[in-house]
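6 protein chains.
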Amino acid sequence: MPYVNIKITREGATAEQKARLIEGVTALLARELGKNPATTVVVIDEIDTDNWGIGGESVTVRRRSGR
Amino acid sequence: MPYVNIKITREGATAEQKARLIEGVTALLARELGKNPATTVVVIDEIDTDNWGIGGESVTVRRRSGR
Amino acid sequence: MPYVNIKITREGATAEQKARLIEGVTALLARELGKNPATTVVVIDEIDTDNWGIGGESVTVRRRSGR
Amino acid sequence: MPYVNIKITREGATAEQKARLIEGVTALLARELGKNPATTVVVIDEIDTDNWGIGGESVTVRRRSGR
Amino acid sequence: MPYVNIKITREGATAEQKARLIEGVTALLARELGKNPATTVVVIDEIDTDNWGIGGESVTVRRRSGR
Amino acid sequence: MPYVNIKITREGATAEQKARLIEGVTALLARELGKNPATTVVVIDEIDTDNWGIGGESVTVRRRSGR
Chain A
1 MPYVNIKITR EGATAEQKAR LIEGVTALLA RELGKNPATT VVVIDEIDTD NWGIGGESVT
61 VRRRSGR
Chain B
1 MPYVNIKITR EGATAEQKAR LIEGVTALLA RELGKNPATT VVVIDEIDTD NWGIGGESVT
61 VRRRSGR
Chain C
1 MPYVNIKITR EGATAEQKAR LIEGVTALLA RELGKNPATT VVVIDEIDTD NWGIGGESVT
61 VRRRSGR
Chain D
1 MPYVNIKITR EGATAEQKAR LIEGVTALLA RELGKNPATT VVVIDEIDTD NWGIGGESVT
61 VRRRSGR
Chain E
1 MPYVNIKITR EGATAEQKAR LIEGVTALLA RELGKNPATT VVVIDEIDTD NWGIGGESVT
61 VRRRSGR
Chain F
1 MPYVNIKITR EGATAEQKAR LIEGVTALLA RELGKNPATT VVVIDEIDTD NWGIGGESVT
61 VRRRSGR
């Protein structure tokens, strides 16, 4: 019954990669806490780099300066 | 003053349907808890089926196999 | 499969009231969007009034001044 | 290490405005709570006006009637 | 830089179990998407069973009837 | 009408400090985006250090080793 929300920057994650995140986090919760995979919900949000900030600046600006 | 976030898969909900969700959940909070509708906020997130997982697999995959 | 998060101030909602919120919002999603109640998840967060702000001040301060 | 999520309606905020939100909220957390800017994360969600409700109706409807 | 929020019912997860969730989901994001573990943030919310609903009823009620 | 959620570790923030966060972020949204303070909602979540992970380990463990 757990609910997991994963937020990442929108930088080209493929459907296959996202499927592996869903599969992996569902298995992790089953293994560590005995949670039922059938009712484990995972929602992935992909966020534009203009809308994600760290260190007081957007990821767009950080990428531009090579970080 | 409540805040409600509703996440659904992006599968064609219309503006009218979403308006009824907003109206219905606002009325529910007024009726059951006496919350003021004027300051009740509702945010609906529509999530791509690749980005929603249940049972360890994405909704895209589940739909494809007829579930 | 929807996921609903309801945030309210912690001001004495009873288990019965919260059960009616869960029941009501689950029924609303079934009625308006045809969502399966069996996999509809509802999470209610009760937030201390010191930690909820509106209009630039906390609910604690607003309650104290009779609002 | 704080995490801040800002949700606004999608009504044309520019990259520059969003950069100032990121900068401002990161500075606020450093000034008021001594939080390290380097690990402060800010995520801005821009929500379609059909998907944001207040007062029991969508922002789309409110804008249309001049509110 | 990902942000992960895991919501589970409050039913006695230990600090060690939660540490393994943090470690596991951080490693998963590094392995599948090449995300930097140093800036991966994980927040676990433990929710009272009165406040978690599935199938239109609270987990408290479901546990009581042996589900 | 914006909604802001601030998550910090539970390490003794006072009501006064939280009031200044609420005031500051509400003013920031008014100044930068012209948002109406009267309907700006801020919710602060304080998270136990066992439940907050960064760099693959909990803040409890990091604090213990002097980080």
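Residue numbers (full-length UniProt numbering), protein chains in the order written: chain A, 1 to 67; chain B, 1 to 67; chain C, 1 to 67; chain D, 1 to 67; chain E, 1 to 67; chain F, 1 to 67. Virtual Cβ for every residue (Gly too), placed ideally from N, Cα, C.
Legend entry - Nearest to V61 of chain B (by Cα), restricted to the options A:T26, A:G56 and A:E16: Counting from 1 along the second sequence, the entry for residue 61 of chain B is found at position 61. Answer by Cα proximity: A:E16.
Legend entry - V43 of chain C: contacting residues in chain E (beta-carbon distance under 9 Å): Taking the first residue of the third sequence as 1, we reach residue 43 of chain C at position 43. Correct list: K7, D45, I47, N51, W52 and G53.
Inset, instruction - Run down chain C in chain order and give the residues with a C-beta less than 9 Å from the C-beta of T60 of chain E. - result: In the fifth sequence, counting from the first residue as 1, residue 60 of chain E sits at position 60. Going along chain C in sequence order, the residues near T60 of chain E (Cβ under 9 Å) are A15 and A19.
Inset, instruction - Measure the C-alpha to C-alpha separation of D50 of chain B and R64 of chain C and round it to an integer number of angstroms. - result: Locating residue 50 of chain B in the second sequence gives position 50, where the first residue counts as 1. Locating residue 64 of chain C in the third sequence gives position 64, where the first residue counts as 1. About 48 Å.
Inset, instruction - Can you tell me which of the three DSSP states E46 of chain E falls into? - result: Locating residue 46 of chain E in the fifth sequence gives position 46, counting from the first residue. In this structure, E46 of chain E counts as strand in the three-state DSSP scheme.
Inset, instruction - Would you mind telling me which residues of chain A sit closer than 8 Å to E32 of chain D, beta carbon to beta carbon, in chain order? - result: As a working note, residue 32 of chain D is residue 32 in the fourth sequence. Simply none; closest approach about 15 Å.
Legend entry - For V42 of chain F and D48 of chain C, the rounded distance between their alpha carbons: In the third sequence, counting from the first residue as 1, residue 48 of chain C sits at position 48. In the sixth sequence, counting from the first residue as 1, residue 42 of chain F sits at position 42. Going by the C-alpha atoms only, they are around 12 Å apart.
Inset, instruction - Determine the closest residue to K7 of chain C out of B:R10, B:M1 and B:T9, with distance taken between C-alpha atoms. - result: Indexing the third sequence from 1 puts residue 7 of chain C at position 7. Considering only alpha carbons, the answer is B:M1.
Inset, instruction - Tell me, to the nearest whole angstrom, how far the beta carbon of L28 of chain E is from that of V4 of chain A; I am working on the premise that it is less than 8 Å. - result: Position 28 of the fifth sequence, counting from 1, holds the residue named residue 28 of chain E. Position 4 of the first sequence, counting from 1, holds the residue named residue 4 of chain A. In fact, because the Cβ distance is near 11 Å, the residues do not count as touching under 8 Å.
Inset, instruction - Return yes when the Cβ of E57 of chain B is within less than 9 Å of the Cβ of E23 of chain A, no when it is not. - result: Counting from 1 along the first sequence, the entry for residue 23 of chain A is found at position 23. Counting from 1 along the second sequence, the entry for residue 57 of chain B is found at position 57. In this structure, E57 of chain B lies closer than 9 Å to E23 of chain A by Cβ.
Legend entry - Minimum Cβ-Cβ distance from E11 of chain F to chain E less than 9 Å: Looking up residue 11 of chain F in the sixth sequence gives position 11. No, because no Cβ of chain E sits closer than 9 Å to the Cβ of E11 of chain F.
Legend entry - Per DSSP, the bridge partner or partners of G53 of chain A: In the first sequence, counting from the first residue as 1, residue 53 of chain A sits at position 53. Its beta-bridge partners are A:S58 and D:V42.
Legend entry - Which of helix, strand or coil DSSP assigns to T9 of chain B: Counting from 1 along the second sequence, the entry for residue 9 of chain B is found at position 9. Three-state result, T9 of chain B: strand.
Legend entry - Buried/exposed call for G34 of chain D, threshold 16 Cβ in 10 Å: Within the fourth sequence, residue 34 of chain D is the residue found at index 34, counting from 1. That one is exposed.
Legend entry - First and last residue of the uninterrupted alpha helix (DSSP H) at R31 of chain D: Position 31 of the fourth sequence, counted from the first residue, corresponds to residue 31 of chain D. Note, R31 of chain D: alpha helix (DSSP H), A15 to L33.
Legend entry - C-beta contact flag for A38 of chain F and G55 of chain C at 9 Å: For the purposes of this step, residue 38 of chain F is identified with residue 38 of the sixth sequence, where counting begins at 1. For the purposes of this step, residue 55 of chain C is identified with residue 55 of the third sequence, where counting begins at 1. Yes, the Cβ-Cβ distance between A38 of chain F and G55 of chain C is below 9 Å.
Inset, instruction - Output yes if chain D places a C-beta closer than 9 Å to the C-beta of P2 of chain F; else output no. - result: The count along the sixth sequence starts at 1 and reaches residue 2 of chain F at position 2. Output row for P2 of chain F: interface = yes.
Legend entry - Other residues of its chain near K18 of chain B: CB distance less than 7 Å, five sequence neighbours each side excluded: Taking the first residue of the second sequence as position 1, residue 18 of chain B is located at position 18. Same-chain partners within the cutoff: I44.
Inset, instruction - State yes or no: is the C-beta of V59 of chain A within less than 9 Å of the C-beta of T14 of chain A? - result: One-based indexing of the first sequence puts residue 59 of chain A at position 59. One-based indexing of the first sequence puts residue 14 of chain A at position 14. The answer is no: Cβ separation not under 9 Å.
Legend entry - chain A residues whose Cβ lies nearer than 9 Å to that of G66 of chain B: By one-based count along the second sequence, residue 66 of chain B stands at place 66. Those within 9 Å of G66 of chain B in chain A number zero; the least Cβ separation is about 17 Å.
Legend entry - When C:N36, C:G66 and C:R67 are compared against R67 of chain B, the one with the closest alpha-carbon: The residue given as residue 67 of chain B occupies position 67 in the second sequence. The residue with the shortest Cα to Cα distance from R67 of chain B is C:N36.
Legend entry - is_contact[E23 of chain C, chain E] using C-beta, thresh 9 Å: What you label residue 23 of chain C is simply residue 23 of the third sequence in a count that begins at 1. E23 of chain C counts as touching chain E.
Legend entry - C-alpha distance - E32 of chain D paired with A30 of chain B, whole-angstrom precision: Residue numbering aside, residue 32 of chain D sits at position 32 when the fourth sequence is read from its first letter. Residue numbering aside, residue 30 of chain B sits at position 30 when the second sequence is read from its first letter. For E32 of chain D and A30 of chain B, the distance between alpha carbons rounds to 35 Å.
Inset, instruction - List the residues of chain D whose Cβ lies closer than 7 Å to the Cβ of T40 of chain E, in chain order. - result: Indexing the fifth sequence from 1 puts residue 40 of chain E at position 40. Under the 7 Å cutoff, chain D gives no residues; its nearest Cβ is about 10 Å from T40 of chain E.
Inset, instruction - Just the C-alpha distance for E11 of chain B and G12 of chain F, rounded to the nearest angstrom, thanks. - result: Here residue 11 of chain B refers to the residue found at position 11 when the second sequence is read from its first residue. Here residue 12 of chain F refers to the residue found at position 12 when the sixth sequence is read from its first residue. One C-alpha to the other measures close to 44 Å.
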